[in-house]
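In my numbering, the protein residues as written are 22 to 271.
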Amino acid sequence: MSRHLLSVGPATTPAPSGDGTAVRQAPAPAAPAVELLPFAGLRLVHAAVRRDLARIPQALRLLQPEDHESAQALKRHWDFVTAMITCHHEQQDTRLWPLLRRFAPELRLLLNWLESDHHNLDQCFTRTTTLVGIATRDPASAWPVSYAVEELAARVETHLRIEERQLLPRMAGVFPPGSRIGTLPELLDLLRLADGPSASDALVWLLEGVDPAQVDRLLADCDDETVRHWPHWRDTYARCTDRLWGPTGQ
Numbered sequence: 022m023s024r025h026l027l028s029v030g031p032a033t034t035p036a037p038s039g040d041g042t043a044v045r046q047a048p049a050p051a052a053p054a055v056e057l058l059p060f061a062g063l064r065l066v067h068a069a070v071r072r073d074l075a076r077i078p079q080a081l082r083l084l085q086p087e088d089h090e091s092a093q094a095l096k097r098h099w100d101f102v103t104a105m106i107t108c109h110h111e112q113q114d115t116r117l118w119p120l121l122r123r124f125a126p127e128l129r130l131l132l133n134w135l136e137s138d139h140h141n142l143d144q145c146f147t148r149t150t151t152l153v154g155i156a157t158r159d160p161a162s163a164w165p166v167s168y169a170v171e172e173l174a175a176r177v178e179t180h181l182r183i184e185e186r187q188l189l190p191r192m193a194g195v196f197p198p199g200s201r202i203g204t205l206p207e208l209l210d211l212l213r214l215a216d217g218p219s220a221s222d223a224l225v226w227l228l229e230g231v232d233p234a235q236v237d238r239l240l241a242d243c244d245d246e247t248v249r250h251w252p253h254w255r256d257t258y259a260r261c262t263d264r265l266w267g268p269t270g271q
């Protein structure tokens with residue numbers, strides 16, 4: 022099942038290695054004009070997850086039996102959100118947590134709990150995805166499914182608050198100013214290398230509803246190609262999601 026919300030461009034051919042085999046190459050990060058906003062990638066994921074888990078239940082309740090296009094759009098968006106959360110958890114468990122265990126060993130018990138809870142939440146999302154699939158095929162079952170999404174949102178909120186209140190303040194003392202760890206450019210680079218949501222989808226999803234001045238500041242951290250394509254990605258995303266939330270995103 023596609024995890025893309027926007028049209029997918031042609032794939033880039035990996036450069037051959039010295040022995041003739043293809044290797045994946047990470048894009049060279051552009052030097053930011055200003056200091057990277059610390060942990061913006063992590064904070065934006067949290068905000069976007071909260072936003073969508075708050076409005077998806079209402080969208081489920083508003084589904085009409087004959088409105089198949091809205092139902093398909095909602096299911097597609099749910100699959101995208103789930104894929105983003107899965108990638109977020111994987112990036113934390115395989116990249117961020119090992120660094121913190123090494124440089125802040127006093128956080129190991131907290132990190133172990135967070136990693137375990139990631140697995141629990143992923144299982145909850147898998148079960149809820151099955152229910153959302155049923156509701157979008159049969160809107161008569163949408164109300165109980167909307168309650169299941171609200172219960173999941175409450176569980177996710179607990180996890181996010183623990184990360185934000187107990188972990189992020191400690192991370193500021195581990196990673197020096199200007200570090201790319203947890204920033205928006207790092208998140209986009211990791212998504213480009215991962216088998217998951219596209220970086221273009223992720224960027225417009227993350228920046229939906231963010232103050233325009235803050236969007237400009239966040240884009241200043243990104244590479245020139247991202248900045249150049251941003252207006253097109255933003256407008257295409259709006260056309261995809263207006264059916265779900267309305268033109269104002271409410």
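By construction, the Cβ of each residue, glycine as well, lies at the ideal position given by its N, Cα and C atoms.
Per DSSP, reduced to three states, the secondary structure at residue 243 is coil, with no helix or strand assignment. Inside the segment 77–149, DSSP marks whole alpha helix (DSSP H) runs of 4 or more residues at positions 89–112 and 118–124, from first to last along the chain. Counting other Cβ atoms within 10 Å of its Cβ, residue 77 reaches 16 or more and is therefore classed as buried.
In terms of CA proximity to residue 265, 83 leads the group 138, 83 and 71. Our two residues, residue 201 and residue 102, have alpha carbons roughly 24 Å apart in a direct line.
Under the three-state reduction of DSSP output, residue 75 falls in the helix class.
When the beta-carbon positions are compared, residue 204 and residue 104 stay at least 7 Å from each other.
Taking a contact as a CB-CB distance under 8 Å, the pair residue 57 and residue 206 counts as one, their CB atoms being some 7 Å apart. By the CB criterion at 7 Å, residue 236 and residue 228 fall inside the cutoff. In this structure, residue 122 places its C-beta atom within 7 Å of the C-beta atom of residue 132. DSSP, reduced to helix, strand and coil, places residue 201 outside both helices and strands of the structure shown, so it counts as coil.
A direct Cα-Cα distance of roughly 16 Å separates residue 70 from residue 169. Under the Cβ criterion (8 Å, minimum of three pairs), the segment 170–178 counts as touching the segment 144–161.
Check the Cα spacing between residue 221 and each of 73, 249 and 233: the tightest is with 249. When only Cα atoms are considered, residue 108 and residue 161 end up about 32 Å apart. Residue 89 counts as exposed, since fewer than 16 other beta carbons sit within 10 angstroms of its beta carbon. Its chain contains 121, 124 and 125 as the residues whose beta carbon lies nearer than 7 Å to that of residue 195, once the 5 sequence neighbours on both sides are disregarded; these appear in chain order. Counting the other Cβ atoms within 10 Å of the Cβ of residue 86 gives fewer than 16, which makes it exposed. Per DSSP, the continuous alpha helix (DSSP H) segment holding residue 191 begins and ends at 189–192. Burial check for residue 137: the Cβ neighbour count within 10 Å stays below 16, so the residue is exposed.
With respect to residue 99, residue 166 sits apart: the two C-beta atoms are not nearer than 7 Å.
In the DSSP assignment, residue 176 falls within the alpha helix (DSSP H) that extends over 163–183. In the same chain as residue 209, and ignoring 5 residues on each side of it, the C-beta atoms closer than 6 Å to its own belong to 220, in chain order.
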